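Report on the structure given below.
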Amino acid sequence: MTESDLSPITERLEQLSQELRRQGRAAVAAQAAAESCLSGVEQLGSQLAAIDSEPSDVRIEDPDSTLRALFPLFDALLRVAKESARLEPERPKIWPLSIVGSDRNAERLQSLRHGVRLLEGVFRQAVDHLELVVDQRVGIALDPDVHRVVVAREATAAHPPNTVVEVQRCGYIRDGKVLREADVVATRSPKL
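1530 is the number that this note's numbering gives to position 153 of the sequence shown; each next residue is one higher, with no gaps.
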């Protein structure tokens, strides 16, 4: 073999040697990075174990105030549930339009109603779990400890004086303690 015949082999051998050195350096760097990551994971694990073994300083000082913060959410859920029960599918009055899209709208409405029923069920479970009483009673005697009159109406035969006629915003009671009075429409007391 001549030197010209060995030249391509020598060049290829040199290229492979350089690649092997480069790969070796990369492997060493990757191993060092992996060991560094493993060390970091072990340190974090130790810190988590220390946190889990310490008593928690996080306490809810006033659970009732935490519940009160959720009342606007509860009110919105109840309002959506009430309104969705009243929804009727839109019925176009023009005959050709009644064919186009009415089934689709009815399906969407049915899907919305189903979703709201599920959401209301989750709400009811949460209220039960929190041992809350949602006060939406109508037709009962007005009780100033649990009702706040926002509208007063004249008494009628159907609604005697001092009777709750309508609840505009429900009240919440927990363990016999009124967390929020119900805003109600009630009949007036007779004038003396």
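Even for Gly, the Cβ is constructed at its ideal location relative to N, Cα and C.
These numbers come from a predicted model, not from an experiment.
Within the same chain, show all residues whose beta-carbon is closer than 8 Å to that of L1496, passing over the 5 residues directly before and after it, in chain order. L1454, V1457, A1458
Does the beta-carbon distance from R1525 to A1503 come in below 8 Å? no
Across which residues does DSSP place L1509 in a beta bridge pair? According to DSSP, L1509 bridges with R1551.
How would you call R1557, buried or exposed, if buried means at least 16 neighbouring beta carbons within 10 angstroms? buried
V1457 - partner residues in DSSP beta bridges: DSSP lists no partner for V1457.
So, at 8 Å on beta carbons, what are the nonlocal neighbours of L1474 in its own chain, with the 5 sequence-adjacent residues on each side left out? Because L1474 sits at a pLDDT of 47, beneath the cut-off of 50, its placement in the model cannot be relied upon, and the following sentence gives the value as read from the coordinates. The answer is none, since no qualifying residue turns up.
State the start and end residues of the unbroken beta strand (DSSP E) segment that holds H1536. Here H1536 belongs to no beta strand (DSSP E), and DSSP marks it neither H nor E.
For E1543, which of helix, strand or coil comes out of DSSP? Here E1543 carries a strand assignment [DSSP, helix/strand/coil].
Quick one: give me the first and last residue of the beta strand (DSSP E) that T1564 is part of. 1559–1564
Does the distance from the C-beta atom of T1564 to that of E1543 stay below 8 Å? no
Cut-off 6 Å between Cβ atoms - residues of its own chain near V1555, not counting five sequence neighbours on either side: V1523
Is it right to say T1540 is buried, meaning 16 or more other beta carbons lie within 10 angstroms of its own, or is it exposed? Flag for T1540 reads buried.
L1393 to R1402 span [Cα, whole Å]: 14 Å
Just tell me which of P1385, G1548, L1447, S1488 has its CA closest to the CA of S1461. When only C-alpha atoms are compared, the closest one is S1488.
What does A1518 pair with, by DSSP beta-bridge criteria? T1540
Tell me the DSSP bridge mates of A1529? A1563
Using only CA atoms, which one of V1527, A1534, L1509, L1519 lies nearest to R1445? L1509
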